[in-house]
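What follows is a single structure, written as structure tokens, with notes after it.
Protein chains: 4
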Amino acid sequence: MDFSFSEYAVQVQDLLRRFMASEVLPRNNDWHRTAAAGEYPLAVIEPLKARARELGLWNLFLPELREDEPGTAMSNLDYAPLAEIMGRLPWAAEVFNCSAPDTGNMELLHRFADAEQYRRWLRPQLEGEIRSCFAMSEPDVASSDATNIGTTFRRDGDHYVIDGRKWFITGAAHPRCAFAVVLGRCDDGPDGDRHRQHSLLIVPMNTPCLTVERNIPIFQHHSPEGHCELVFRGVRVPVDHRLGAPGEGFAMAQARLGPGRVHHCMRTIGQCELALEMMCERALERRVFGKALSEHENVKDWIAESRLEIDQARLLVLHAAWLMDRHGNAAARTQVSAIKLVAARLQTRVVDRAIQIFGAMGLSPDTPLAYLYTWGRALRFMDGPDEVHLRTVARAELKKAREHRGDTAAYFTL
Amino acid sequence: MDFSFSEYAVQVQDLLRRFMASEVLPRNNDWHRTAAAGEYPLAVIEPLKARARELGLWNLFLPELREDEPGTAMSNLDYAPLAEIMGRLPWAAEVFNCSAPDTGNMELLHRFADAEQYRRWLRPQLEGEIRSCFAMSEPDVASSDATNIGTTFRRDGDHYVIDGRKWFITGAAHPRCAFAVVLGRCDDGPDGDRHRQHSLLIVPMNTPCLTVERNIPIFQHHSPEGHCELVFRGVRVPVDHRLGAPGEGFAMAQARLGPGRVHHCMRTIGQCELALEMMCERALERRVFGKALSEHENVKDWIAESRLEIDQARLLVLHAAWLMDRHGNAAARTQVSAIKLVAARLQTRVVDRAIQIFGAMGLSPDTPLAYLYTWGRALRFMDGPDEVHLRTVARAELKKAREHRGDTAAYFTL
Amino acid sequence: MDFSFSEYAVQVQDLLRRFMASEVLPRNNDWHRTAAAGEYPLAVIEPLKARARELGLWNLFLPELREDEPGTAMSNLDYAPLAEIMGRLPWAAEVFNCSAPDTGNMELLHRFADAEQYRRWLRPQLEGEIRSCFAMSEPDVASSDATNIGTTFRRDGDHYVIDGRKWFITGAAHPRCAFAVVLGRCDDGPDGDRHRQHSLLIVPMNTPCLTVERNIPIFQHHSPEGHCELVFRGVRVPVDHRLGAPGEGFAMAQARLGPGRVHHCMRTIGQCELALEMMCERALERRVFGKALSEHENVKDWIAESRLEIDQARLLVLHAAWLMDRHGNAAARTQVSAIKLVAARLQTRVVDRAIQIFGAMGLSPDTPLAYLYTWGRALRFMDGPDEVHLRTVARAELKKAREHRGDTAAYFTL
Amino acid sequence: MDFSFSEYAVQVQDLLRRFMASEVLPRNNDWHRTAAAGEYPLAVIEPLKARARELGLWNLFLPELREDEPGTAMSNLDYAPLAEIMGRLPWAAEVFNCSAPDTGNMELLHRFADAEQYRRWLRPQLEGEIRSCFAMSEPDVASSDATNIGTTFRRDGDHYVIDGRKWFITGAAHPRCAFAVVLGRCDDGPDGDRHRQHSLLIVPMNTPCLTVERNIPIFQHHSPEGHCELVFRGVRVPVDHRLGAPGEGFAMAQARLGPGRVHHCMRTIGQCELALEMMCERALERRVFGKALSEHENVKDWIAESRLEIDQARLLVLHAAWLMDRHGNAAARTQVSAIKLVAARLQTRVVDRAIQIFGAMGLSPDTPLAYLYTWGRALRFMDGPDEVHLRTVARAELKKAREHRGDTAAYFTL
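Residue numbers (UniProt numbering), protein chains in the order written: chain F, 1 to 414; chain E, 1 to 414; chain Y, 1 to 414; chain W, 1 to 414.
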């Protein structure tokens, strides 16, 4: 296990850190003010994007880029601290064309798009001209068991007809959102295997009969890019909008989740670090019962526990990233489930302590804590609920045990 | 310990339960739709108030009412299940003139108002004509140590001049909010004792130089009645607006918190019961991995743990109420701190499990869970942060130990 | 819910408390010294038994006694604080003829013994002349699912032939242990129902072919009365040693567990109170980093949390006892599972904090803490593992939900 | 961060693993039988030591060995997995001359012994001929604050006279224990600084007036090597038995704790892995309510949570070891506190789950779980209680925060 960052990555970390401080953070209030007024803050974002791209702080999430593609390729390991830095400010990733769910979609298209799909959908995304969303979750079935998906893709000549309802589709309210990658049950897949009954279709957002019914607030937070409910009522798209072969949708969707989950985790670690820093600063300033909060043992305990938990979670994330770089995304599947679990639960725990130290102010929008707390809770569903990932980790462990069964007998005293 | 409810109280419980089901709940969607449109839902509330009052479901929170006062007096114990029933729907208490922070203010005025104050402020509140708020927390000092309060009451002839900033003042945005009870540091109190340097003033909301600067959202939730930031810039009120004697403010504020805290706890229990009911209903309906959620052991564990925790918390609340009825509010001070701690922490725990069972829907405004979760977190500051109450409980325990010191020696084996 | 103790019970509490202080505790060191030397401390116990019986502190656990039976009958509620007082010293219950598992066996025989069984086995137990054990758990099957029991009772004329292995049989090493009540699978029960394939037999400990193979230490603790492994190799007992009808063993065993579980819980509460008292005393005495432990916030938090948890658990136990008195043991089944869960888990939590405050001394045999900690962990299996009781509580909750399904719909906002 | 093991270390891991399986584990029952009979199992240990030394599996814990010293030097990082393998069997480390507290003492003497001390005490230890103990904790003062130490070293000509009482001195009952390194308050140190008032003396165990009063059982476990109470009543040792200069004892004791703590943590990880393996094996075998335990969701959750926690803890330990190798023990002080906290608390958590899966058998001596559970609890005091390490971690974090104060302001929205 070698978690050393490349020399180049360390330089990019430094550059990114300075860019965040000098260019991005000074626009934070403007971003929030614009968003609060109900407008997507493109006026804040677009000039920053141009500047970031000039500096090479662009498309950092892709381990490999073709020669003519814009941006700077980074290994998963090298990307980790960059995602952490961006993650501290929830809206910052877009500046670097590294936002969810676009990074996952770009990875997906990078692997599976044909030439025309590449030209029409991926290329403009890599250029930062359009954005996209990924439509999988549905209100009527448990998203933890993706084979239940109810949306149907009915083949009708050289078109598919889509019927169904999707929700919590992140990014669908972004003014530049140009297409959705939609998972549905197809009627032209191979017979038999219940994991090969789904396809992925690229559906332009302006296709007739596709409506964005609402932007669902998450814990009362109206995200400007949206977590939307989409309705497909007989939506027709040409057959060439299908990614890969019929019935391969589920497998591609699974593949997509790997790196995307890791990015979420890295950003989460960054948010936890921010919360810990804020906690410490506040504890040093605020006095109660005759001494600074930082001199109260229970406050010190919260600080120490947070440090212990963050450091452990970060190491686990780095390990998963290293494993993906070295042995491929598939080999790291259990580890990705592991970090997904650890990171999502970490956030509410650390932010909860920070809020307690800030007092009622921690509930207000004056600090990022209130948002981070609710977002952290939401993360326990993003990319699959905790329970699904616990199953995955347990299954891997029991598989090992099955192979070594009986090895511990020598430790018994009988 | 006798936690039996009076026969009369059991009838009122039944009446209240039926009224909630037949009259209040059917207006729930209207209430939310109106509030979402930025208007206080008086049109929903006022007819319900009239009807509730006719049925005697009015001012149920006061253990004693004078003959000519409207409503139905209930002991703290008898009130507990009523508050629980109302608490299930966060906006319902107003229908019965039992809302926070008004119940606390009415208790306070009931005990300390002079005749003119009674006539002008308390009577219309008991009639449900006006509402009020209680202004204690300040942004610049830790609210956990109330002696730090920075707002000043400077005596100027037969007026006080008020300067200061208060925040998280619940109810200040209600269209009927007529006055604030304000805690501040006075310059006409007795010398010495740092707990006798504060007074309470009744300040009409329309007093010049008093401004409601903003309604602070709590975890992104804009409450229609408000958790507001109030600024006092040389606000003048006549001396007869003072409650009690100069310097008695702190003691009165403490007394006020007793029953108010208990009411919060009772309503919280009701919300936890609702969350548990919702959790069970959903678990019975939703299927994942080939069986109902209710057949998965981890889901069953969450349900069982919630039942264990709620039942214990309710018994602790009933015990505190019984103690207040029997030995007075002061005698129950430690127990009130205890239930405050237990109830506030219970809510996020139980609601968190319910959310996990609802999946992403639990994050949306479609169920009450998202609001209850964030409100539960906020409760850990309402009426004093957890840490203050832990201190109180520990102090009482150590006091007992000091008296019995050495009693355990006989259990040692030496 | 009326948890008031009868006036008489309050007097007995007082008498018992004084007797513990003046007669029992002064013999604590002798008891331990004798037991450590490998001898059962009858010399300490017997004179105390005689004295306790004189004072009426005898057989306090039975809600009803026949006129000629020795002792003082107490309702379950009235017995609770008595069990708590005895429970503080793990060996004390025997002084009052209130030890586990004898109380459960006496209850069982009181209900189901025929005249001859009463004369031969119950009467001498009520007199404190003999003791007994209850043999249910087996090494080869999960005790959480009692229908798996493998021990067989083969009918052979007017005898049963018993084959099987039982373990963790508490009390089997006591020098006065005269008989075991054994649960086994019979071949003369009614056909069909898998809950009616077991009988209970009274097996005298000196029956040939019954051997006590070992006294199993629990976390390295060799209990003098034993948690033993018993082997039955063709053990023969006359048919009249059967309790009740063939096939009724499982039902009787279930009935037996009710009050016995409650007594365990009550004693556990007493042990937790003792641990909390010790924790406070030590925190007041011991200084670290310039101040008493009791002045450190984290120590205060541990004290407060323990008080909150103990008070809640006690109320839950009293509620279950009250329910058994009022509606019978069967009606309280879910509540008995609930307190079993809460009490067992409480002990390790509270004692763990006490140990942390005592430092390494808490690991030693100089205080009762080390024993209480490991005993607390063992309690999570006594009378059924946690998981079985969680199932019971969840099942009851889901049953309620099934009856009221849909009641929460009005709370949704759609 | 590069946690790659050297190629050589990987070979040693393999060798050690095979040696454990083929030579050590087959003697496990003999070791326990001998120890249970009250005899130190030298007859089991000594032949294994000879064999291990032949294979180079000797003194693996020292990062550097002089040319003529026996054994195989390993970096801290390379030693980690070796300690993990040894740790699985609590008595195994002695086979490789890697036992606590000897490794710490050898490190200490390696750095601070003069030539004569080296010849007389260290050399025979490196050869595995003698063992030693480290006497710091005292019954009368909180060990978490070492400056309170009460044992006195009075200078009397060319001797020191030692008076005091030490307890929980691990290894003092070993038949080969030849000397104790004792920390005491000296009267010949430099004036002033309260951290320079202590010296370390080497005291041969057979010195007159030094008595081992008892071997204190830890949670009822009588360790054959002992956790002893030692009394010094006017014990005289020559001045040349002092390690280092007068007053340097405290600093040397601190230095000693670094690597020793890391070794404890590594062994703990090994024990947790063993418990997890046992848990999985049992879950696959045992059936309850119609299916294997491994198919119950709650059991799967326990397995998954254990895997997550162990993996995180191991990475944290490797990081601390890497830091010590790279920047020295002093630079890793905070990280050593961190892993001490994490590892000690991990053990009871993981083993607790394993016990629950084993049922009552987990309480018995038939599996290693009962011992590991109580040992895990004891670890929370070994090398300093949790609270001391939490302070250390918090202090480091607050120090960083003090340097960067205000950096988070840009994240606020005002």
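C-beta atoms are modelled at their ideal positions from N, C-alpha and C, and glycine is treated no differently.
Is any beta-carbon of chain F found at less than 8 Å from that of E/D383?
-> no
Answer with yes or no whether the minimum CB distance from W/H227 to chain E is below 8 Å.
-> Between W/H227 and chain E, the shortest Cβ-Cβ separation is not below 8 Å.
Return the chain-ordered list of same chain residues with a C-beta closer than 6 Å to the C-beta of E/L108, the five sequence neighbours on each side being excluded.
-> R256
C-beta neighbour in chain F for Y/D301, strict 8 Å | yes
Rounded Cβ spacing between Y/I339 and Y/V262 (contact assumed at less than 8 Å) = 7 Å
Which parts of the segment 113-149 of chain F are runs of the alpha helix (DSSP H), unbroken and 4 residues or longer, counting only runs that do not cross its ends?
-> 123-126
Quick one: any contact between the segment 265-280 of chain E and the segment 78-88 of chain E, if contact means 3 or more CB pairs under 8 Å?
-> yes
Could you give the DSSP three-state label for E/G71: helix, strand or coil?
-> E/G71 falls in the coil class under three-state DSSP.
Would you call the segment 232-252 of chain F and the segment 204-213 of chain F in contact, with 3 or more CB pairs under 8 Å?
-> As far as the Cβ criterion goes, the segment 232-252 of chain F touches the segment 204-213 of chain F, which means the pair count is three or higher.
Residues of the segment 386-411 of chain F with a CB closer than 8 Å to any CB of chain Y: list them in chain order, please.
-> none
Contact check, F/F19 vs F/L55, beta carbons under 8 Å = In this structure, the beta-carbon distance from F/F19 to F/L55 falls below 8 Å.
Check whether the segment 135-145 of chain W touches the segment 153-172 of chain W, taking contact to mean three or more Cβ pairs, one atom from each stretch, closer than 8 Å.
-> Yes, since at least three Cβ pairs between the segment 135-145 of chain W and the segment 153-172 of chain W fall closer than 8 Å, the two stretches touch.
Taking the C-alpha atoms as reference points, what is the distance between F/T152 and W/V299?
-> 36 Å
Would you check if the segment 400-414 of chain F and the segment 61-73 of chain E touch, i.e. whether three or more CB-CB distances between them fall below 8 Å?
-> no
Compare the C-beta of E/C272 with all C-beta atoms of chain Y and state if any pair is closer than 8 Å.
-> no
Name the one or two DSSP bridge partners that F/I269 has.
-> DSSP output for F/I269 lists no bridge partner at all.
Please state whether DSSP places E/D156 in a helix, a strand or coil.
-> If DSSP states are grouped into helix, strand and coil, E/D156 belongs with the strands.
With a Cβ-Cβ cutoff of 8 Å, do E/G244 and E/L200 count as a contact?
-> yes
Residues sharing a beta bridge with F/H227, DSSP = F/T170
If you check the beta carbons only, do E/P90 and F/P217 fall under 8 Å apart?
-> no
Note down, in chain order, each residue of its chain lying with its Cβ closer than 8 Å to the Cβ of Y/Y371, except the 5 sequence neighbours on either side.
-> P90, H221, P365
Over what stretch of residues does the beta strand (DSSP E) that includes F/F179 continue unbroken?
-> 177-186
Assuming W/F381 and Y/G376 form a contact by the criterion Cβ under 8 Å, report the distance between their Cβ atoms to the nearest whole angstrom.
-> Not confirmed; about 19 Å, so no contact.
Y/L363: contacting residues in chain W (beta-carbon distance under 9 Å) | F168, I216, P217, I218, F219, H227, T374, R377, A378, F381
Report the residue ranges of all alpha helix (DSSP H) runs contained in full by the segment 274-361 of chain F; include only those spanning at least 4 residues, in chain order.
-> 297-327, 333-358
What in chain E is Cβ-close to Y/E277, meaning under 8 Å?
-> A401, H404, D407, T408
Contained alpha helix (DSSP H) runs [length at least 4] in the segment 70-105 of chain E, N- to C-terminal order = 76-87
Under 7 Å by beta carbon: chain W residues contacting residue 441 of chain F | The first residue shown for chain F is 1 and the last is 414, placing residue 441 of chain F beyond what the model contains.
How about E/T374 and E/F219: are their beta carbons less than 8 Å apart?
-> A contact, by the Cβ cut-off of 8 Å.
Straight-line CA distance for W/Q335 to W/A394?
-> Taking the straight line from one Cα to the other gives about 11 Å.
So the beta strand (DSSP E) F/P204 belongs to, where does it begin and stop?
-> 198-204
Measure the CB-CB distance between Y/R131 and Y/C177 and report whether it falls below 8 Å.
-> Their beta carbons are under 8 Å apart, which means Y/R131 touches Y/C177 by this criterion.
Mind pulling the chain F residues with CB within less than 8 Å of E/D145?
-> V288, F289
Integer-rounded CB distance, given that W/R88 should sit under 8 Å from W/L274 | 5 Å
Secondary structure of Y/R214, DSSP reduced to three states = strand
Where F/E281 and Y/D325 are concerned, what is the direct C-alpha to C-alpha distance, given to the nearest angstrom?
-> C-alpha separation (whole angstroms): 57 Å.
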